[in-house]
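To start, the structure itself, in structure tokens.
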Amino acid sequence: MDLFEYQGKQFFASFGIPVSAGDAVDTVEDAVAVADRIGYPVVIKAQVQVGGRGKAGGVKLANNTEEAREHASNILGLDIKGHIVKRVWIEVASDIAEEYYASFTLDRSAKKHLGMLSAEGGVEIETVAETNPDAIAKIWVDPAEGLSEEQCRAWVEAAKLNPKATEGAVDILRKLYTAYVDGDADLAEINPLILTPDDRVHALDAKVTLDDNADFRHPERDVWRGLEVRDPREELAHEKGLQYVGLDGTVGIIANGAGLAMSTCDVVNQVGGSPANFLDIGGGASAEVMANALDVINSDEKVKAIFINIFGGITRGEEVANGIVQALERVDIKAPIVIRLDGTNAEEGRSILEPHLSDRLRSQPTMLDAAREAVALAGGK
Ligand code: GDP
Ligand code: MN
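In my numbering, the protein residues as written are 4 to 384.
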């Protein structure tokens with residue numbers, strides 16, 4: 004689960020990380036009341052789960068009641084990269100001397116936690132990684148050993164922060180590590196982590212992704228869970244018990260097996276298209292599962308072509324083909340379909356599909372051919 008900034012700040016604060024005092028509200032009137040109460044200047048911040056809010060006009064400084072009213076009414080309802088702002092967080096404005104970047108996430112291949120720290124904060128870390136990779140100091144922490152104060156200090160020195168920030172940064176980074184581990188997060192990011200003119204270090208933003216598998220250990224998450232915003236396509240897939248991840252492209256993908264579904268996404272990209280989703284229907288491919296999968300893909304307005312990629316294993320080709328044919332009778336499909344059926348009894352399966360083939364339902368023998376055809380039908384990216 005991704006947290007909103009204000010929730011991430013509550014999460015950080017519960018581990019002793021300094022954040023600004025503030026409140027989250029849903030209306031202009033409440034925003035003005037909170038701003039008046041906490042005292043000017045305040046910062047009014049759009050609560051949407053997307054980066055770059057500042058650039059999009061979603062972060063504004065207000066010096067008095069009139070400005071608070073003006074900014075709150077402009078920000079509430081604002082569309083930031085497709086996310087409509089329904090809530091704003093209002094906090095005491097901070098004076099900034101310097102902006103840094105800090106995060107912990109999991110490095111799966113190293114089997115360690117990866118900490119990243121940079122004196123170039125406030126901008127997206129991907130940009131720093133491209134333009135000035137040496138400006139990011141990385142540390143790999145063995146989960147069994149944890150992060151010692153000495154290690155943390157050496158890391159802060161490697162990042163070349165202002166020496167005035169050293170003590171505060173070491174303290175916050177150790178707390179951030181604890182929050183990330185004990186709070187069962189997959190990502191804990193502070194951007195910017197600021198140094199104030201009076202030499203305090205402070206978290207000005209919070210981006211936190213919690214590990215859903217650890218929910219049972221964290222009853223305190225229930226309130227956040229209740230406010231969770233989910234992709235409507237993912238909501239539908241979840242209801243139908245499908246392993247689905249929504250993406251931004253135009254080729255809807257259905258595959259059996261997570262590995263095959265991922266390589267299907269890769270191949271679609273490789274031939275110049277863009278996947279609309281990841282969808283793994285698992286080992287079986289019954290008519291019901293296939294119809295459910297097609298329902299979810301159908302709900303996605305962006306989908307211009309559908310690529311069904313099935314490799315028969317224990318589930319044989321003819322069962323898969325019968326499932327597809329029956330599903331097509333049940334669901335009214337909006338986009339043309341390309342099927343690649345291979346593996347056990349693929350020939351038998353294809354001959355079952357044969358009489359149903361048309362412009363709207365095509366079959367290709369290989370994954371690459373099928374991907375090309377689906378991408379062409381979708382009109383490229
Ligand atoms: P993001 O654009 O979604 O990452 O939102 P942030 O919370 O990181 O805010 C964007 C930028 O707004 C920060 O990098 C700061 O430069 C600025 N900003 C945010 N809060 C304050 C504040 O309290 N005081 C000042 N002076 N600038 C702020
Ligand atoms: Mn930020």
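Beta carbons: idealized from backbone N, C-alpha and C, even for Gly. Every value quoted in this text rests on a predicted model; they were computed, and no experiment measured them.
Would you say the beta carbon of residue i comes nearer than 7 Å to a heavy atom of the ligand MN?
i: Asp298; result: no
i: Asp33; result: no
i: Asp5; result: no
i: Asp185; result: no
i: Asp208; result: yes
Does the Cβ of residue i have 16 or more other Cβ atoms within 10 Å, making it buried, or fewer, making it exposed?
i: Ser17; result: exposed
i: Pro387; result: For residue 387 there is no data in the structure shown, the boundaries of the chain being 4 and 384.
i: Ala261; result: exposed
i: Asn259; result: buried
i: Thr318; result: buried
i: Asn295; result: buried
i: Ala147; result: exposed
i: Ser23; result: buried
i: Ala113; result: exposed
i: Gln273; result: exposed
i: Val226; result: exposed
i: Ser366; result: buried
i: Leu371; result: exposed
i: Phe219; result: exposed
i: Glu332; result: exposed
i: Gly25; result: buried
i: Gly186; result: buried
Less than 7 Å between the CB of residue i and some heavy atom of the ligand GDP, yes or no?
i: Asp26; result: no
i: Asp106; result: As written in the sequence, residue 106 is Ser, which differs from the Asp given in the question. No.
i: Pro195; result: yes
i: Arg56; result: yes
i: Ile99; result: yes
i: Leu81; result: no
i: Ala96; result: yes
i: Leu179; result: no
i: Lys84; result: no
i: Glu123; result: no
i: Leu371; result: no
i: Leu64; result: yes
i: Val46; result: yes
i: Glu102; result: yes
Beta-carbon within less than 8 Å of residue i's beta-carbon, same chain only, minus the 5 sequence neighbours each way: which residues are those?
i: Asp39; result: Thr68 and Ala71
i: Pro222; result: none
What does a CB cutoff of less than 6 Å around residue i pick up in its chain, not counting 5 residues either side in sequence?
i: Leu380; result: Ala308 and Pro339
i: Arg228; result: none
i: Ala240; result: Tyr247 and Val299
i: Val46; result: Leu64, Glu94 and Ala96
i: Ala377; result: Val254, Ala308, Phe310 and Val341
i: Gly326; result: Ala288, Ser289, Ala290 and Met293
i: Asn77; result: none
i: Ile128; result: Tyr104
Using C-beta distances below 7 Å, list every residue in its chain close to residue i, excluding the 5 sequence neighbours before and after it, in chain order.
i: Ala161; result: Ala140
i: Arg203; result: Gly171
i: Gly124; result: Glu102, Tyr103, Tyr104, Asn194, Pro195 and Leu196
i: Leu245; result: Leu282, Ile284, Asn295, Ala296 and Val299
i: Gly383; result: Gly275 and Gly276
i: Gln329; result: Ala290
i: Gly11; result: Ala209, Lys210 and Val211
**Report entry** Stretch-stretch touch, CB-based, cutoff 8 Å, three pairs: the stretch 280-289 with the stretch 298-315
**Finding:** yes
Query raised in the report: Between the stretch 339-355 and the stretch 306-319, are three or more C-beta pairs nearer than 8 Å?
Result: Contact between the stretch 339-355 and the stretch 306-319 is present, because at least three Cβ pairs lie under 8 Å.
Query raised in the report: Are there three or more Cβ pairs, one per stretch, closer than 8 Å when the stretch 112-120 is compared with the stretch 129-144?
Result: yes
Query raised in the report: When the Cβ atoms of the stretch 204-220 are set against those of the stretch 5-23, are three or more pairs found closer than 8 Å?
Result: Yes, they touch.
Query raised in the report: At a cut of 8 Å, does the stretch 213-224 reach the stretch 260-270 through at least three beta carbon pairs?
Result: no
Query raised in the report: Is the stretch 80-96 close to the stretch 43-53, with three or more CB pairs under 8 Å?
Result: yes
**Report entry** Three-pair Cβ contact test at 8 Å for the stretch 183-201 versus the stretch 92-110
**Finding:** yes
Query - Ordered list of beta strand (DSSP E) runs contained in the stretch 111-173, each at least 3 residues - result: 115-121 and 139-144
Query - Runs of alpha helix (DSSP H) lying entirely within the stretch 10-37, each at least 4 residues, in chain order - result: none
Query - Segments assigned alpha helix (DSSP H), at least 4 residues, entirely inside the stretch 181-268 - result: 225-229 and 235-242
**Report entry** 3-residue-minimum beta strand (DSSP E) runs that sit fully inside the stretch 278-348, ordered along the chain
**Finding:** 280-283, 308-315 and 340-346
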